[in-house]
Amino acid sequence: MAVAERTIRTPQADLRVSESAGPGMPIVMIHGSGASRAVFARQFDSPLADAHRLVAFDLPGHGQSSDAADPMADYTLTGLARAAGHLLDDLGIDRAIVYGWSLGGHVAIELASFHPAVHGLMLTGAPPVSKGFFGMLRGFHANWDMLLASKKLYSERDAERFETLCFGDSADPSFREAILRTDGRLRAVVTRSMMAGKGADQKQVVEQTTFPVAIVNGENDPFIRLNYFDTLDPGTLWEQCHVVPGAGHAPFWERPDLFNPMLSRFAETVAAREADIALPARRRAG
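With positions in the sequence shown counted from 1, the corresponding number in my numbering is that position plus 20.
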């Protein structure tokens with residue numbers, strides 16, 4: 021499947037985008053801090069790209085996207101979600117499944133709190149926490165490595181450590197370059213915004229949403245508390261909280277053999293639900 025590349029200008033930043041031309045429901049993929057859309061290569065190089073319109077983009081301050089126009093506003097969760105929303109609008113996407121990994125998962129939840137195009141949500145490495153510092157403590161491990169998530173300037177050693185935490189020993193050589201390219205102001209601003217409880221209450225968004233929510237984590241994720249997900253009560257949870265064996269923070273990269281079929285199955289569930297909702301409307305129109 022050929023992948024098209026383009027740059028889309030939003031008020032927050034110029035975003036570099038990759039997309040496939042599959043006929044199925046769009047799947048918008050949002051990467052984590054210090055990464056780029058390249059982390060989803062194993063989804064684009066799979067039957068998912070033939071079946072669906074896969075869309076992946078570099079967040080502001082990452083990869084081939086520009087740094088934020090207004091870092092203090094645009095690097096908050098709300099600012100990043102607004103950039104994603106402008107992207108959906110520009111691409112003419114009015115219904116989509118949004119997959120978010122790590123920081124991208126939190127951006128995806130924020131996006132789902134206000135943008136009507138989100139009809140399904142899949143999260144990895146992104147505990148939907150209540151607002152503020154104590155909410156974050158419930159979802160994340162408190163250790164020294166977590167400080168890297170908010171550190172503004174990275175040394176080579178910091179980048180190596182962060183790469184290992186995110187990908188174990190499976191990282192592509194380009195991933196280190198992406199970490200070092202990232203605008204470090206984002207790490208500081210987005211962490212402060214989450215600590216201060218800015219934006220939506222993510223636990224409430226996930227628990228109160230009316231569309232399907234899928235949760236897929238790696239069993240060895242070093243950042244998140246897996247038992248936190250047992251405390252969630254999303255009425256539209258898909259199947260169960262899945263745990264991918266032999267994977268850490270990035271199961272979509274480390275175990276695509278297990279992850280990709282789950283994403284495909286979730287997409288089928290969302291599409292079937294959409295068809296069920298549309299059928300009565302068609303009958304009334306007839």
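Ideal placement from N, C-alpha and C gives every residue a C-beta, glycine not left out.
Check: Say the cut is 8 Å; is the CB of serine 85 nearer than that to a heavy atom of the ligand MN?
Finding: With respect to the ligand MN, the structure offers nothing, as it holds no ligand at all.
Next item on the list: Could you tell me if histidine 161 is buried or exposed, where buried requires 16 or more neighbouring beta carbons within 10 angstroms of its beta carbon?
Entry: Within the sequence shown, residue 161 is the residue found at index 141, counting from 1. The residue is exposed, with fewer than 16 neighbouring Cβ atoms inside 10 Å.
Notebook entry, point to check: For arginine 115, which residues from the same chain have a beta carbon less than 8 Å from its beta carbon, with the 5 sequence-adjacent residues on both sides left out?
Noted result: Translated into the one-based positions of the sequence shown, residue 115 becomes position 95. Here the set comprises Met45, Pro46, Ala137, His139, Glu294.
Item checked: Contact set for phenylalanine 187: own chain, Cβ-Cβ below 8 Å, skip 5 residues either direction -> Mapped onto the sequence shown, residue 187 falls at position 167. Here the set comprises Phe195, Gly268, His269, Ala270, Trp273, Glu274.
Next item on the list: Measure the CB-CB distance between valine 233 and leucine 100 and report whether it falls below 9 Å.
Entry: Along the sequence shown, one-based indexing puts residue 233 at 213. Along the sequence shown, one-based indexing puts residue 100 at 80. Not a contact, by the Cβ cut-off of 9 Å.
Next item on the list: For chain C, find out if any of its Cβ atoms is closer than 9 Å to the Cβ of tryptophan 121; answer yes or no.
Entry: No chain C appears in the structure shown, which is made up of a single protein chain.
Checklist line | Own chain residues within Cβ distance below 7 Å of leucine 246, not counting five before or after | finding: On the sequence shown, position 226 is the one that residue 246 refers to. Excluding positions up to five away in sequence, the list reads Asn237, Val263.
Next item on the list: Can you check DSSP and say which residues form a bridge with arginine 177?
Entry: By one-based count along the sequence shown, residue 177 stands at place 157. Beta-bridge pairing links arginine 177 to no other residue.
Margin query: So if DSSP puts isoleucine 235 in a beta bridge, which residue, or which two residues, is it bridged to?
Written below: As a working mapping, residue 235 is identified with position 215 in the sequence shown. DSSP lists Leu143, Cys261 as partners of isoleucine 235.
Item checked: Pairwise C-alpha distance: leucine 257 and isoleucine 199 -> Counting from one through the sequence shown, the residue named residue 199 turns up at place 179. Counting from one through the sequence shown, the residue named residue 257 turns up at place 237. Approximately 32 Å, taken between the alpha carbons.
Check: Exposed or buried, which one is glutamine 63 when buried takes at least 16 other CB atoms within 10 Å?
Finding: Position 43 of the sequence shown, counted from the first residue, corresponds to residue 63. With 16 or more Cβ atoms within 10 Å of its Cβ, glutamine 63 is classed as buried.
Notebook entry, point to check: By Cβ distance, which residues of its chain are closer than 6 Å to glycine 255, with the 5 residues on each side in sequence left out?
Noted result: For the purposes of this step, residue 255 is taken as the residue at position 235 of the sequence shown. Closer than 6 Å at the Cβ level, and outside the excluded window around glycine 255, lies no residue.
Notebook entry, point to check: For proline 281, does the count of other Cβ atoms within 10 angstroms reach 16, so buried, or fall short, so exposed?
Noted result: Counted from its first residue, the sequence shown places residue 281 at position 261. The residue in question, proline 281, is exposed, as its Cβ has fewer than 16 Cβ neighbours within 10 Å.
Next item on the list: Label threonine 27 either buried or exposed according to how many other C-beta atoms from any shown protein chain fall within 10 Å of its C-beta, with 16 as the threshold for buried.
Entry: For the purposes of this step, residue 27 is taken as residue 7 along the sequence shown, with counting starting at 1. Classification for threonine 27: exposed.
Item checked: For methionine 166, the first and last residue of its enclosing alpha helix (DSSP H) -> Here residue 166 refers to the residue found at position 146 when the sequence shown is read from its first residue. Per DSSP, methionine 166 belongs to no alpha helix (DSSP H) and is neither H nor E.
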